[in-house]
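Right, one structure below, let's go through it.
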Amino acid sequence: MPKTAMRQTVAATLLTPALLAPTAVHAASDAEIAELRAMLANMQAQYETRIGELEQRLAVAEQKAARAERVAGQAAGAGPSARSSTTARSAAAPVSRSMTAAVVHSSDTGTAAQTGGGVFGAMGAGNAFNPQISAILDGNYYHDDLDGAGSALVSEAFQASSGQAHDHADADGDAHDHGHAHGTADNGFNFREAELSFSATVDPYFDAALYLAIDGDGNVELEEGYFQTRALPHGLRVKGGKFLSDFGYANRQHPHEWDFVDQNLPYLNLLGVHGLQDTGLQLTWLPELPVYTLFGVEALQGDQEVFGATLSETEQSALNLDSTEDGPRLMTAFVKVAPEIGEHHALRLGASYAYNRQQQLVLEHVHAHDDGDDAHDEVPALEDEIHSTGLEGDAILWGLDLVYKYDGAGAHGKGDFKLQTEYLRSSKDLRIRASAHPEQIGGSRRFVTDGLYAQALYGFAPRWTAGLRYDVLGLTNEVRGGSGDDFGSSERWTADVTWSLSEFSKLRAQYAHNDILVAENERERFDAFYLQFLMSLGSHGAHAF
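Heads up: the sequence shown begins at 55 in our numbering, then just goes up one per residue.
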């Protein structure tokens with residue numbers, strides 16, 4: 055073969071793969087691209103199907119949440135963010151960390167979420183069988199100018215119906231106390247209580263909660279133990295068991311929820327250190343209205359410390375009083391309204407009414423005999439007699455409350471502001487059933503006492519809050535009928551500073567100047583100082599609005 059022809063053959067042999075290579079590569083790339091496109095189309099179809107399923111589930115969940123929101127929104131004291139989904143979105147905006155959009159009702163400790171899912175949130179495997187458990191430790195150091203007696207005086211301020219306190223005696227007439235007293239402290243160190251709380255969703259129909267208080271001496275008291283319905287129609291909810299009434303605003307708060315160490319004067323003296331805490335049923339209704347409006351009624355047993363108190367069987371027999379009637383004896387009604395007032399602001403107004411159909415009272419006074427013999431002055435006790443007057447009838451209590459909150463949008467509550475005020479008025483219509491003066495038997499007496507408190511809190515730095523409170527008992531403090539006595543008032547100014555180190559711990563310093571009417575024409579003026587610690591162990595539900 056000529057060299058030229060051979061050279062051409064070799065060149066053709068060598069160049070052929072090179073010339074064909076791009077074609078092969080191109081062909082392989084087209085096949086790969088087609089495969090990738092097919093895989094992408096398949097994946098896209100799968101994801102579109104999956105997204106469609108998720109969108110469908112989301113629509114169903116939103117419908118369920120809207121229904122649950124309308125039901126759960128009944129919890130008393132809820133804020134404006136808990137109505138319908140449209141209203142909730144517009145009302146949630148002004149609510150700060152302390153005014154979270156999940157405005158809730160608790161028996162004070164915040165376990166009833168108003169934003170849906172029932173009292174304790176959506177029912178899931180995590181808490182369906184395991185209740186949420188927490189413990190709150192509440193202790194303090196206290197000092198006053200009266201060697202520790204001042205703490206008790208603020209809960210025993212003199213009022214028109216001042217008499218022997220309800221001693222909670224048993225059937226044999228043996229008196230016993232009513233558990234730990236939130237309103238008292240001794241000079242020095244005090245452990246007020248450890249509160250244990252248990253809360254859970256029972257099933258699709260009920261939530262339940264249990265709150266136990268253990269005082270510094272180890273005494274255990276049931277503060278609350280109740281159930282709440284989850285799925286009643288038309289915005290209705292039923293609550294039953296032992297619980298703090300939704301009368302007013304501060305009544306349902308547990309001590310660790312208070313913005314000051316101690317309770318205000320009107321509550322302490324018109325309701326007792328435990329407030330309206332009783333056993334019975336509550337029905338609330340949250341209708342679909344343009345403005346959040348919650349209506350509620352309660353039927354309670356009526357075993358109270360002050361309002362609607364009854365005496366022991368021994369005293370009832372001695373003073374010609376009726377035996378304690380079967381319950382329910384205490385009825386309450388309330389309405390709570392939360393209009394929308396703009397971004398970063400929240401407002402709640404309330405009116406409450408309570409009626410107890412059996413109120414018993416024993417008044418004692420010393421009757422001094424003066425025979426004109428100075429020799430008897432050395433033993434005046436022999437010349438004096440204690441006269442007891444037994445009275446019985448019914449009692450009415452009504453109140454107004456207002457709470458305003460502003461979200462300062464600062465870190466950890468800086469710039470936040472809260473204003474809270476309530477007015478209470480007690481009226482007891484009684485007849486004299488026993489007296490050392492027979493001519494008075496059958497006479498009527500009306501005891502009227504009212505009270506007011508107003509307090510403000512301001513977050514002046516991250517995690518730091520300053521508070522100021524003024525409370526007064528006895529703006530009206532009178533007995534109508536008989537001699538028609540009119541008494542003075544008791545009042546107090548209180549300032550505190552609270553450091554919230556975290557969501558689980560608080561330290562508080564508080565100072566109060568007290569001017570307390572302890573008897574007719576007799577006052578005690580004294581200063582009192584507290585240092586308090588609050589520690590939360592475990593997860594604790596959000597507090598109410």
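Glycine included, each C-beta is placed from N, C-alpha and C at the ideal position. In this text the structure is predicted, and so the values were computed from the model without any measurement.
Quick test of the definition: if touching needs 3 or more C-beta pairs under 8 angstroms, does the segment 287 to 304 touch the segment 462 to 469? no
Residue environment, L591, which counts as buried when at least 16 other CB atoms sit within 10 Å: exposed
Report all residues from its chain with a CB closer than 6 angstroms to the CB of E532; omit the five preceding and five following residues, and keep chain order. A214, V502 and D540
Assign D84 to one of three DSSP states: helix, strand, or coil. helix
What does the Cβ neighbour count give for L343, buried or exposed, with the cut at 16 atoms within 10 Å? exposed
A66, DSSP secondary structure in three states: Low confidence applies here, because A66 scores a pLDDT of 49, under 50, leaving its location unreliable; read the following figure in that light. Looking at A66 - three-state DSSP - the assignment turns out to be helix.
Evaluate the contact criterion for the segment 571 to 586 versus the segment 188 to 203: three or more CB pairs, one atom per stretch, below 8 angstroms. yes
Skipping 5 residues on each side, what residues in its chain have a beta carbon closer than 6 angstroms to that of I190? E249, H310 and S590
Would you decide whether P258 is buried or exposed? Buried here means 16 or more other CB atoms lie within 10 Å of its CB. exposed
Could you give the C-beta distance for N568 and R546, rounded to a whole number, given that I count them as a contact under 8 angstroms? 5 angstroms
Hey, A285 and P185: beta-carbon distance below 7 angstroms or not? no
Determine which residues share a DSSP beta bridge with A452 and list them. Strictly speaking, residue 452 in this sequence is Trp, with Ala absent from that position. Answer is Y407 and R479.
Judging by CA-CA distance, which residue of R402, F388 and M385 is the nearest neighbour of E394? R402
Rounding to the nearest angstrom, what Cα-Cα distance links Q317 and L561 in this structure? 17 angstroms
What would DSSP say about Q307, mapped onto helix, strand or coil? coil
Less than 6 angstroms between C-beta atoms, sequence neighbours within five positions excluded: which residues of the same chain meet that for Y565? A549 and F583
Quick check on G350 - is its C-beta less than 7 angstroms from some C-beta in chain D? As a matter of chain content, chain D is missing from the structure shown, which is built from one protein chain.
Cα-Cα separation between A520 and V572, rounded to whole angstroms: 30 angstroms
For N244, count the other beta carbons within 10 Å of its own beta carbon; 16 or more makes it buried, fewer makes it exposed. Which is it? buried
In chain order, each alpha helix (DSSP H) run of at least 4 residues that lies wholly inside the segment 345 to 391: 367 to 372
Kindly indicate which three-state DSSP category E557 falls into: helix, strand or coil? coil
D299 (DSSP reduced to helix, strand or coil): Reading off the sequence, residue 299 comes out as Ser, not Asp. If DSSP states are grouped into helix, strand and coil, S299 belongs with coil.
According to the neighbour-count rule (16 or more other Cβ atoms, all chains shown, within 10 Å of its Cβ), is D231 buried or exposed? Bear in mind that a pLDDT of 42 at D231, under 50, signals an unreliable position, so the number given afterwards is only what the model happens to contain. With fewer than 16 Cβ atoms within 10 Å of its Cβ, D231 is classed as exposed.
Thinking G538 and S498 are a contact (beta carbons under 8 angstroms), I'd like their distance in whole angstroms, please. Their Cβ separation, rounded to whole angstroms, is 12 angstroms, which puts G538 and S498 out of contact at 8 angstroms.
Would the beta-carbon of S593 fall within 7 angstroms of that of S188? yes
Once you ignore the five residues that flank Y280 on each side, which residues in its own chain have a CB closer than 8 angstroms to its CB? S161, A262, A263, K293, G294, G295, K296 and F297
CB-CB under 6 angstroms to D581, same chain, minus the five flanking residues each way: which ones, in chain order? D199 and H567
Leaving aside the five residues before and after A380 along the sequence, list all residues of the same chain whose C-beta is less than 7 angstroms from its C-beta, in chain order. It should be pointed out that residue 380 corresponds to Asp in this sequence rather than to Ala. Answer for D380: no residue qualifies.
By the DSSP assignment, the beta strand (DSSP E) with S489 in it spans what residues? Looking at the DSSP string, S489 is not in any beta strand (DSSP E), and its letter there is neither H nor E.
Apart from the five residues on each side of it in sequence, which residues of its chain come closer than 6 angstroms, Cβ to Cβ, to G350? A130, D300, T338 and F388
So the candidates are T333, V256, R246 and E247; which of them puts its Cα closest to the Cα of E278? T333
N273: which of R246, V256, T283 and L415 sits nearest, CA to CA? R246
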